[in-house]
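In this note's numbering, the protein residues as written are 4 to 106.
Ideal Cβ positions, reconstructed from N, Cα and C, are used throughout, including at glycine.
In this text, all values refer to a predicted model and were calculated from it rather than measured experimentally.
To start, the structure itself, in structure tokens.
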Amino acid sequence: MKPGDGTMRLDRFLWFTRLAKTRDVAQALACDGHLRIDGRAVDRSHAPVRIGNILTFFHGGRVRVLRVEALPARRGPAPEALTCYQELALSEPENGSHPRDRR
């Protein structure tokens, strides 16, 4: 995977888009075998991510399904990070509360 070939390391994508608080957490999430890219289980942090890939993983007490919309150039502010993916499905948190109930 070379710079400019339209791919990014999975751990960098998770960290740049603020889906993981630190790069170490992003690497652990990518290596635990519970994250899927386009339905295929991933067990390595350097797996390539491309625009259009569907990421499925358990995060924050719920299953998240995201479509990669853009590859970020940096770890920018949260509003910028949100433009890099689209949430396709969001399961209810395990504790039974809905995210909107936490206001």
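Non-local beta-carbon contacts of Ala84 in its own chain, meaning distances under 6 angstroms to residues more than five positions away in sequence, involve Thr20 and Arg21 in chain order.
Distance from Thr10 to Pro51 at the Cβ level is roughly 4 angstroms; contact confirmed, criterion being Cβ atoms closer than 8 angstroms.
Residue environment analysis places Asp14 among the buried positions, since at least 16 neighbouring C-beta atoms fall within 10 angstroms of its C-beta. No Cβ-Cβ contact shorter than 8 angstroms links Leu32 with Leu58.
In the DSSP assignment, Ala44 falls within the beta strand (DSSP E) that extends over Arg43 to Val45.
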